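Undergrad: Line order of the protein sequences matches chains A and B.
Sequential numbering from 1 applies to the first sequence in the working numbering.
Sequential numbering from 340 applies to the second sequence in the working numbering.
A single structure is presented below for examination.
2 protein chains.
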Amino acid sequence: MDMKPALRSPTITDVAEAAGVSPMTVSRVLNGRGGAGEETRRRVLEAAQALSYRPNAFAKSLKNDRSNTVGIVVPDIVNPFFPEIIRGAELVARPAGYTLLSCNVVEDPEREEEVLGMLLDKRVDGLIICSARLDDERLLRAIAPHRAVVLINRAAAKRHAGTIEVDYRAGVDAVVTQLIAQGRRRFGFAAGPAASQGGRKRREGIEAALARHGLSLVFDLPCTPDLQGGAEIAARLLPEIAQVDAMICYNDLIALGLMKPLEQAGIRVPEDIALVGCDDIPASDLVSPALTTLRIAKQDLGEMAMRMLLDRIAGRNTQQGIVIEPDPIWRATTPRLPG
Amino acid sequence: MDMKPALRSPTITDVAEAAGVSPMTVSRVLNGRGGAGEETRRRVLEAAQALSYRPNAFAKSLKNDRSNTVGIVVPDIVNPFFPEIIRGAELVARPAGYTLLSCNVVEDPEREEEVLGMLLDKRVDGLIICSARLDDERLLRAIAPHRAVVLINRAAAKRHAGTIEVDYRAGVDAVVTQLIAQGRRRFGFAAGPAASQGGRKRREGIEAALARHGLSLVFDLPCTPDLQGGAEIAARLLPEIAQVDAMICYNDLIALGLMKPLEQAGIRVPEDIALVGCDDIPASDLVSPALTTLRIAKQDLGEMAMRMLLDRIAGRNTQQGIVIEPDPIWRATTPRLPG
DNA sequence: TGGAGTTACGTTATCGTTATCTCAATCCTG
DNA sequence: CAGGATTGAGATAACGATAACGTAACTCCA
């Protein structure tokens, strides 16, 4: 026999009437501002409970110009790298009273710009952008009107945003150096999206290591940062496969996407080609041979970014930029030296 | 020499003053309501452009009691099953003018309840709940105040919500039947979260198929629906492994988590144990042996759910419930019959 | 006992938008 | 060219919550 819920949800005025006080008093009680008598307080709380009153977030936001919402923009939510970052960010945001609005850009700069505008409309109190794909000028313009911004893996505009960067350069350098020591000489690079700053960092790392040994890249091909990108690289690489004995991939997905086509073409990993990914997504440890990669503490990264963002929202721009080091994880696609 | 952006973002009144008209006229022009002269229209648009005016979503929502935001609640965003659903939902929501607020519950009913309340505060116009973990009563109470709800894989409360279900029962039945035909007799079930309705459906499918052959389950163990859950099942299973020659897993992650421990214990897949997962996440086709699984059109699922939700928001409750069939994908963990 | 200080509320105005009403100017149409 | 229809635009009043201010009643001590 329960009634249909009223079409209109109860407002503070409804509660006030039910409790026989003014809306202002209800507001005071519910926000613990004090200045309300014990008896009144009780009546208000009872009324609010009875009506299952929930303050209207819009009205509140309109009044104080704060949404208690923060955004996070990622290139592709289906890429396993990003959900972990989102989870980390959410883990910090929620206890701090913020709702996280996560937005998917599907690797499209236009979409990124659009999303940044949408977040502005929603008046988020701040936002995190992962691996921005916009060029510097458009990115700057898009973040300028925002109250607080943290960029992950994009060290542009330090004046207007905090930054957290993974030191891919050093990580990749170390891995390539080790591979050279293991006898690899002819390196290819599956470079990922051309617009990625992280991609350029990885390239610098490779080239630095190679240069120290008088070597240079044999292949350097852009591709989408997913399994299919790896498959496409494989297709283009196969005719001239003998030119390469080690592939460094922008991320694990690309590396994993490479493995099956190589195998089907009779090219052995790691005997013919050593393979290195980046990110250490869970799948990389499940395939055979297991994939050597650079591990990034993804959830930590998300947590750090959110903490930095909340600091900036609160006006405490304590740290402008953080650099975190990736960990090389040596697995079967890059065998140890014999002996 | 550009000025610092004003602390306060421009309002419709600012635009009105710049254009020398009333705010109402600006509103009309910007919303294409007509009733504005050509010359006026031009001036307003110019002024809005010049100030890079963006209407305040709060004020708008407060006025028309619509947020143009919909929520989607998932148990765990790190589980690769869900990002694809989210992407599908977003692909439909955005062109329709809706922002998608995706919320992560981390497999915790309390959190789920909390999130549903938060979405109520934010006055979402509707929401999709994936694999709700709340019991019927609490779920019903939590969704009652919402304007429109679609449940994925949870056929409770058809009166208050649209539902989309995967017919796991039939899918699992078909797979188990085939495995029996291939000679497997002793089945174990890694059942996933006890609160999952989908888990019960899978169990029904297994038991139906087994019953037709006078068989019954040897193992039926709950576990978390992730790699670690699989590893734990493996640990508990190992002492008595000989009792089982086929494992059906709640999802691919569990199955994949099982594989390495089994291998390390010298148990061969598929020779000693056939292995079946569910969902067909990308990793399942990358491991060796590749995992047999039930494929679910995850992105389609998300798209369908969002279309259904938008229908319900618009008051068109055309279809109450949809059932979609999973596709068995036969791979190496369940070898074909010899001959 | 009277004025200052305190407590417990209520009133008013405001955030930015827009539905509704109003009004003036312009347009036909017979 | 009178009178009704149409068009362009402004004024007003909400939406729900709350900051700022106002006020009545009470406390307290000289």
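Don't be surprised by glycine CBs; every beta carbon is placed ideally from N, CA and C.
Nothing here was measured: the structure is a model prediction, and the numbers come from that model.
Evaluate the contact criterion for the region 285-301 of chain A versus the region 246-260 of chain A: three or more CB pairs, one atom per stretch, below 8 Å.
TA: Cβ pair count under 8 Å is three or more, so yes.
Undergrad: Identify each residue in the region 450-473 of chain B for which the Cβ-Cβ distance to at least one residue of chain A is less than 8 Å, and report them in chain order.
TA: The region 450-473 of chain B vs chain A, Cβ under 8 Å: G456, M457, L459, D460, K461 and R462.
Undergrad: With H, G and I counted as helix, E and B as strand and the rest as coil, what does DSSP make of S400 (chain B)?
TA: Within the second sequence, residue 400 (chain B) is the residue found at index 61, counting from 1. In this structure, S400 (chain B) counts as helix in the three-state DSSP scheme.
Undergrad: Check whether the region 346-353 of chain B touches the region 382-394 of chain B, taking contact to mean three or more Cβ pairs, one atom from each stretch, closer than 8 Å.
TA: Judged by Cβ distances under 8 Å, the region 346-353 of chain B makes contact with the region 382-394 of chain B, as three or more pairs qualify.
Undergrad: Please state the DSSP three-state secondary structure of L473 (chain B).
TA: The sequence position of residue 473 (chain B) within the second sequence is 134, counting from 1. Three-state result, L473 (chain B): coil.
Undergrad: Just how far apart, CA to CA, sit I267 (chain A) and T334 (chain A)?
TA: What you label residue 267 (chain A) is simply residue 267 of the first sequence in a count that begins at 1. What you label residue 334 (chain A) is simply residue 334 of the first sequence in a count that begins at 1. When rounded, the distance between both Cα atoms is 15 Å.
Undergrad: Is the Cβ of V78 (chain A) closer than 7 Å to any Cβ of chain B?
TA: The residue you call residue 78 (chain A) lines up with position 78 of the first sequence. Yes, V78 (chain A) lies at the interface with chain B (some Cβ there is under 7 Å from its Cβ).
Undergrad: Does DSSP classify G359 (chain B) as helix, strand or coil?
TA: Taking the second sequence and counting its residues from 1, the one referred to as residue 359 (chain B) is at position 20. Looking at G359 (chain B) - three-state DSSP - the assignment turns out to be coil, as it is neither helix nor strand.
Undergrad: For P434 (chain B) and chain A, any beta-carbon pair shorter than 7 Å?
TA: By one-based count along the second sequence, residue 434 (chain B) stands at place 95. Not one chain A Cβ lies under 7 Å of P434 (chain B).
Undergrad: Could you tell me if H366 (chain A) is buried or exposed, where buried requires 16 or more neighbouring beta carbons within 10 angstroms of its beta carbon?
TA: It is not possible to answer for residue 366 (chain A), since the shown part of chain A is limited to 1 through 339.
Undergrad: Between the C-alpha atoms of R497 (chain B) and G465 (chain B), what's the straight-line distance to the nearest angstrom?
TA: Translated into positions along the second sequence, residue 497 (chain B) becomes position 158. Translated into positions along the second sequence, residue 465 (chain B) becomes position 126. Note on identity: in this sequence residue 497 (chain B) is Lys, with Arg being the wrong assignment. Cα to Cα, the separation comes out at about 15 Å.
Undergrad: Within 10 angstroms of its Cβ, does S216 (chain A) collect 16 or more other Cβ (buried), or is it exposed?
TA: Reading the first sequence from its first residue, position 216 is the one you call residue 216 (chain A). By the 10 Å Cβ count, S216 (chain A) comes out exposed.
Undergrad: Classify V511 (chain B) as helix, strand or coil using the three-state DSSP reduction.
TA: For the purposes of this step, residue 511 (chain B) is identified with residue 172 of the second sequence, where counting begins at 1. Of the three classes helix, strand and coil, the one that applies to V511 (chain B) here is helix, per DSSP.
Undergrad: Using the three-state DSSP reduction, which class does G188 (chain A) fall into: helix, strand or coil?
TA: For the purposes of this step, residue 188 (chain A) is taken as the residue at position 188 of the first sequence. Here G188 (chain A) sits in strand by DSSP.
Undergrad: Output the residue ranges of the alpha helix (DSSP H) runs that lie fully inside the region 283-327 of chain A and measure 4 residues or longer, sorted by chain position.
TA: Taking only runs of at least 4 residues, the alpha helix (DSSP H) segments lying wholly in the region 283-327 of chain A are 298-313.
Undergrad: Starting from the beta carbon of S61 (chain A), find every residue of chain B whose beta carbon is closer than 7 Å, and list them in chain order.
TA: Residue 61 (chain A) sits at position 61 when you count from the first residue of the first sequence. The answer, in chain order, is F397.
Undergrad: Report the rounded CA-to-CA distance for P5 (chain A) versus P484 (chain B), giving the unit in angstroms.
TA: Against the first sequence, residue 5 (chain A) aligns to sequence position 5. Against the second sequence, residue 484 (chain B) aligns to sequence position 145. Any reading at P5 (chain A) must be qualified, since the residue scores a pLDDT of 44, below 50, and its modelled position is unreliable; no value is offered.
Undergrad: Of all the alpha helix (DSSP H) runs that stay within the bounds of the region 537-572 of chain B, which reach a length of 4 or more residues?
TA: Runs found: none.
Undergrad: When Cβ atoms are compared, which residues of the region 145-174 of chain A fall closer than 9 Å to chain B?
TA: Of all residues in the region 145-174 of chain A, P145 have a Cβ within less than 9 Å of some Cβ in chain B.
Undergrad: Just the Cα atoms here: how many angstroms apart are Q299 (chain A) and T69 (chain A)?
TA: Looking up residue 299 (chain A) in the first sequence gives position 299. Looking up residue 69 (chain A) in the first sequence gives position 69. One C-alpha to the other measures close to 20 Å.
Undergrad: What residue range does the alpha helix (DSSP H) around I85 (chain A) cover?
TA: For the purposes of this step, residue 85 (chain A) is taken as residue 85 along the first sequence, with counting starting at 1. First-last of the alpha helix (DSSP H) with I85 (chain A): F81 to A93.
Undergrad: Taking DSSP as the reference, what is the three-state secondary structure of V26 (chain A)?
TA: Position 26 of the first sequence holds residue 26 (chain A). Reduced to three states, the DSSP call for V26 (chain A) is helix.
Undergrad: Determine the burial state of M308 (chain A): buried for a count of at least 16 other Cβ atoms within 10 Å of its Cβ, exposed for fewer.
TA: Indexing the first sequence from 1 puts residue 308 (chain A) at position 308. Answer is buried; the Cβ neighbour count reaches 16.
Undergrad: At the level of alpha carbons, what is the spacing between N104 (chain A) and T438 (chain B)?
TA: Counting from one through the first sequence, the residue named residue 104 (chain A) turns up at place 104. Counting from one through the second sequence, the residue named residue 438 (chain B) turns up at place 99. Distance between the alpha carbons of N104 (chain A) and T438 (chain B): 11 Å.
Undergrad: Please tell me whether V413 (chain B) has its Cβ less than 7 Å away from any Cβ of chain A.
TA: Numbered from its first residue, the second sequence carries residue 413 (chain B) at position 74. Chain A, which has no Cβ nearer than 7 Å to the Cβ of V413 (chain B), makes this no.
Undergrad: For the region 419-432 of chain B, enumerate the residues whose C-beta is nearer than 7 Å to any C-beta of chain A, in chain order.
TA: So the close ones are P419, P422, E423, I425, R426 and E429.
Undergrad: Would you say L614 (chain B) faces chain A, with C-beta separation under 7 Å as the test?
TA: By one-based count along the second sequence, residue 614 (chain B) stands at place 275. So, not an interface residue.
Undergrad: Tell me the DSSP secondary structure of L151 (chain A) in three-state form.
TA: Reading the first sequence from its first residue, position 151 is the one you call residue 151 (chain A). Of the three classes helix, strand and coil, the one that applies to L151 (chain A) here is strand, per DSSP.
Undergrad: Since G510 (chain B) and G537 (chain B) are thought to touch, with beta carbons under 8 Å apart, how far apart are those beta carbons, to the nearest angstrom?
TA: Residue mapping note: residue 510 (chain B) aligns to position 171 of the second sequence, counting from 1. Residue mapping note: residue 537 (chain B) aligns to position 198 of the second sequence, counting from 1. Wrong, their Cβ atoms sit about 11 Å apart, outside the cutoff.
Undergrad: First and last residue of the beta strand (DSSP E) that includes T69 (chain A)?
TA: Here residue 69 (chain A) is taken as the residue at index 69 of the first sequence, counted from 1. Start and end: T69 to V74.
Undergrad: Please name the residue in A:G321, A:P109 and A:I152 whose C-alpha comes closest to that of F82 (chain A).
TA: As a first step, residue 82 (chain A) is located in the first sequence; it is residue number 82 there, counting from the start. Among A:G321, A:P109 and A:I152, the Cα nearest to that of F82 (chain A) belongs to A:I152.
Undergrad: Quick check: what's the CA-CA separation for R450 (chain B) versus G302 (chain A)?
TA: What you label residue 450 (chain B) is simply residue 111 of the second sequence in a count that begins at 1. What you label residue 302 (chain A) is simply residue 302 of the first sequence in a count that begins at 1. Spanning the two alpha carbons is a distance of roughly 20 Å.
Undergrad: Using a 10 Å radius around the Cβ and a threshold of 16 neighbouring Cβ atoms, would you call I296 (chain A) buried or exposed?
TA: Walking along the first sequence from the start, residue 296 (chain A) turns up at place 296. Buried, by the Cβ-count rule.
Undergrad: What is the DSSP secondary structure of E504 (chain B), counted as helix, strand or coil?
TA: Position 165 of the second sequence, counted from the first residue, corresponds to residue 504 (chain B). In this structure, E504 (chain B) counts as strand in the three-state DSSP scheme.
Undergrad: Check the Cβ-Cβ distances between V626 (chain B) and every residue of chain A, and say whether any is below 7 Å.
TA: In the second sequence, residue 626 (chain B) corresponds to position 287, counting from 1. Answer yes: the Cβ-Cβ gap between V626 (chain B) and chain A drops below 7 Å somewhere.
Undergrad: What would DSSP say about A246 (chain A), mapped onto helix, strand or coil?
TA: Numbered from its first residue, the first sequence carries residue 246 (chain A) at position 246. Here A246 (chain A) sits in strand by DSSP.
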